[in-house]
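Structure first, commentary second.
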Amino acid sequence: MRRALAALILGLTLIAPASPQGAERALVLFNRINSMLRELEGIMGLRAIQPIQREVLTRDEINKLVTDRIAEETTAEEIRQEELFLRMFGFAGEDFDLAEQVVDVMTEQAAALYDYKTKTLYLSDWADEDMQEFALVHELAHALADQHFDLGKFVDKADSSDEDLARSAVIEGQASWVMTEWLFNQTGRSLVGNRSIAEASAASSRVEAKDYPVYSTSPLYLQRTLLFPYTDGLLFQQSLVDKYGKSAFREMFVRPPNSTRQILDPEAYFRGDKPDKPKLPRLRLKGWSRSSEGDIGELDHQILLEQHLGEKIASKTAPAWRGGRYELWEDADKQHVALRYGSLWAGADDARRFFDSYRKICEKKDPQFQVLAKSRNRILARDSRGGLLILLDGPTVQSLEGLPGDDAALKAVYTDN
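Each position in the sequence shown, counted from 1, maps to that position plus 32 in the working numbering.
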């Protein structure tokens, strides 16, 4: 299953301070599109093939556009399964409404949108003058890339949700880098060979995002996943430009990254490292069926660790991720959910570190967590959802969560694994 959230973040320019005179200025800016395109062609080494359609939208119209995008890209069941994923791993609470939260955050911050289906650039009428200009450059970069590489098909070719998010980072990171490069070019400066400037730009975006109340009060998972393509994607683009020059603008589409790990660690991209598929623990549930499955990448683990144990532990542990996947199982009435999960790490010591951390995460995400039995490499526990079994096997960490049955039945699962 492609997790639904990854499909909802493409084509936006985020961070938009309000301004009452935005509509008139947007129309004036549209008259500069041809001159802006010529500048972007020089930066990207890509020439415009055809005119770019454009339109000015109100906040309500942007809201409707985002809502319609969600309805087109995802089904109600996909949204439900994504919410189950977020709840079972402890990313979000029981009352979290994914679709509503995504629409609210995007509408709050979106300054512009490029719709790769209709090939139309939309500029908000409420952003201030500078933001409208930057947003237009960002979306023009999308339009240029789309004319050469078909962004819709590019995203659809992802084999997993983690790869989907990595491809979104290619698209948004490139546009963010081009927007920043264009801005610096106005004063005779450049990002090329100046990674410190790119890092400062990404850091600034992370800080500015916290000024928005809907974004700043949303779950950390939503915050990080929405911002990742713009900030970490920009730094990934910087690494490719520094290595390949202008050919970087083609290279990342011809040979796209396969995981968020490759975005976070460009050296893994240059080496061509691929995620591994860890083994999952044995699970026997009579009358239950698997309702969804997917991968869980380095970014997911980074967020999980940071949310429950802090940024220091996350930054030390997550880079050793080498693969992760999960399954969600439900009973016939869809009233109970079980999680089957496995992750692979660079070495046994890295796995031990995450095993110890994951036990603490399970304790923190459910106050009813209670250990029933444990050894050096396995923990049997119970929480409000049911039984839990956490296992360490060499470089692999596994878990079963939400298991039905009394303590005797859970101990049988403990022995079986």
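A virtual CB, placed ideally from N, CA and C, is assigned to each residue, including glycine.
Put residue i into one of helix, strand or coil per three-state DSSP.
{"i": "Ala230", "result": "helix"}
{"i": "Val429", "result": "strand"}
{"i": "Gly304", "result": "coil"}
{"i": "Asp415", "result": "strand"}
{"i": "Ile94", "result": "helix"}
{"i": "Gln85", "result": "strand"}
{"i": "Val445", "result": "helix"}
{"i": "Thr106", "result": "coil"}
{"i": "Ser237", "result": "helix"}
{"i": "Leu272", "result": "helix"}
{"i": "Glu161", "result": "helix"}
{"i": "Ile328", "result": "coil"}
{"i": "Val224", "result": "coil"}
{"i": "Lys366", "result": "coil"}
{"i": "Gln53", "result": "Unreliable placement is indicated for Gln53, whose pLDDT of 49 sits below 50; the coordinate value is still reported in the next sentence. Coil at Gln53, not helix or strand."}
{"i": "Gln402", "result": "strand"}
{"i": "Ala380", "result": "helix"}
Less than 7 Å between C-beta atoms, sequence neighbours within five positions excluded: which residues of the same chain meet that for residue i?
{"i": "Lys306", "result": "Asn290"}
{"i": "Pro52", "result": "Confidence at Pro52 is low in this model, with a pLDDT of 46, below 50, so the placement of that residue is unreliable and no value is reported for it."}
{"i": "Ser323", "result": "Gln113, Leu360, Trp361 and Glu362"}
Measure the CB-CB distance between residue i and residue j and report whether it falls below 8 Å.
{"i": "Thr99", "j": "Val137", "result": "no"}
{"i": "Leu432", "j": "Val445", "result": "yes"}
{"i": "Leu183", "j": "Arg86", "result": "no"}
{"i": "Ala143", "j": "Ile102", "result": "no"}
{"i": "Glu115", "j": "Leu252", "result": "no"}
{"i": "Gly437", "j": "Ala364", "result": "no"}
{"i": "Val202", "j": "Pro288", "result": "yes"}
{"i": "Ser250", "j": "Gln133", "result": "yes"}
{"i": "Met120", "j": "Leu272", "result": "no"}
{"i": "Phe281", "j": "Phe186", "result": "no"}
{"i": "Asn449", "j": "Leu420", "result": "no"}
Kindly give me the distance between the Cβ atoms of residue i and residue j, rounded to whole angstroms, as I take these residues to be in contact under 8 Å.
{"i": "Met76", "j": "Leu223", "result": "Going by Cβ atoms, the distance from Met76 to Leu223 rounds to 13 Å, so no, they are not a contact pair."}
{"i": "Leu371", "j": "Glu330", "result": "Incorrect: roughly 19 Å between the Cβ atoms, too far for contact."}
{"i": "Gly379", "j": "Tyr358", "result": "The pair is not a contact, with the Cβ atoms about 22 Å apart (cut-off 8 Å)."}
{"i": "Met68", "j": "Leu145", "result": "Wrong, their Cβ atoms sit about 17 Å apart, outside the cutoff."}
{"i": "Ala450", "j": "Thr349", "result": "Residue 450 lies beyond the residue range present for the chain, which begins at 33 and ends at 449; the question has no answer from this structure."}
{"i": "Arg443", "j": "Ala413", "result": "A quick correction: the sequence has Lys, not Arg, at residue 443. 12 Å between Cβ atoms; not a contact."}
{"i": "Trp214", "j": "Leu336", "result": "Between Leu336 and Trp214 the Cβ distance is about 36 Å, and since that is not below 8 Å, they are no contact."}
{"i": "Asp157", "j": "Val88", "result": "5 Å"}
{"i": "Ser407", "j": "Glu362", "result": "Not quite, the Cβ-Cβ distance comes to about 30 Å (not below 8 Å), so this is no contact."}
{"i": "Asp178", "j": "Lys151", "result": "7 Å"}
{"i": "Ala235", "j": "Gln270", "result": "Not quite, the Cβ-Cβ distance comes to about 13 Å (not below 8 Å), so this is no contact."}
Buried or exposed for residue i, please, with buried defined as at least 16 other CB atoms from any protein chain shown within 10 angstroms of its CB.
{"i": "Pro83", "result": "exposed"}
{"i": "Thr257", "result": "buried"}
{"i": "Ala108", "result": "exposed"}
{"i": "Gln218", "result": "exposed"}
{"i": "Thr212", "result": "buried"}
{"i": "Ser279", "result": "exposed"}
{"i": "Gln367", "result": "exposed"}
{"i": "Gly356", "result": "buried"}
{"i": "Gln141", "result": "buried"}
{"i": "Val239", "result": "exposed"}
{"i": "Arg70", "result": "exposed"}
{"i": "Ile81", "result": "exposed"}
{"i": "Ala232", "result": "exposed"}
{"i": "Gln402", "result": "exposed"}
{"i": "Thr447", "result": "exposed"}
{"i": "Arg293", "result": "buried"}
{"i": "Val60", "result": "exposed"}
{"i": "Gly220", "result": "exposed"}
{"i": "Glu165", "result": "buried"}
{"i": "Pro399", "result": "exposed"}
{"i": "Ser200", "result": "buried"}
{"i": "Ser193", "result": "buried"}
{"i": "Asp439", "result": "exposed"}
{"i": "Gly205", "result": "buried"}
{"i": "Asp332", "result": "buried"}
{"i": "Asp196", "result": "buried"}
{"i": "Arg79", "result": "exposed"}
Tell me which same chain residues have a C-beta within less than 6 Å of the C-beta of residue i, skipping the five on either side of it?
{"i": "Phe117", "result": "none"}
{"i": "Pro417", "result": "Per the sequence shown, residue 417 should be read as Arg rather than Pro. For Arg417, where only same-chain residues beyond five positions count, the Cβ hits under 6 Å are Gly434."}
{"i": "Ser208", "result": "Tyr262 and Leu266"}
{"i": "Leu312", "result": "Arg372 and Gly374"}
{"i": "Ala352", "result": "Trp377, Ala378 and Asp382"}
{"i": "Ala346", "result": "Gln334, Leu337 and Glu338"}
{"i": "Arg385", "result": "Thr349"}
{"i": "Arg227", "result": "Gln270"}
What does a CB cutoff of less than 8 Å around residue i pick up in its chain, not counting 5 residues either side in sequence?
{"i": "His340", "result": "Gly122, Lys392, Ile393, Lys396 and Lys397"}
{"i": "Asp308", "result": "Arg354, Gly355 and Leu376"}
{"i": "Phe302", "result": "Lys275"}
{"i": "Arg410", "result": "Leu421, Ile422, Leu423, Leu424, Tyr446 and Asn449"}
{"i": "Pro49", "result": "Only weak support is given to the placement of Pro49: the predicted model assigns it a pLDDT of 47, under 50, and the value that follows is read from those uncertain coordinates. Within the same chain, Pro49 has close Cβ partners Ala159, Asp160 and Met163."}
{"i": "Ile65", "result": "Ile84, Arg86, Leu168 and Leu172"}
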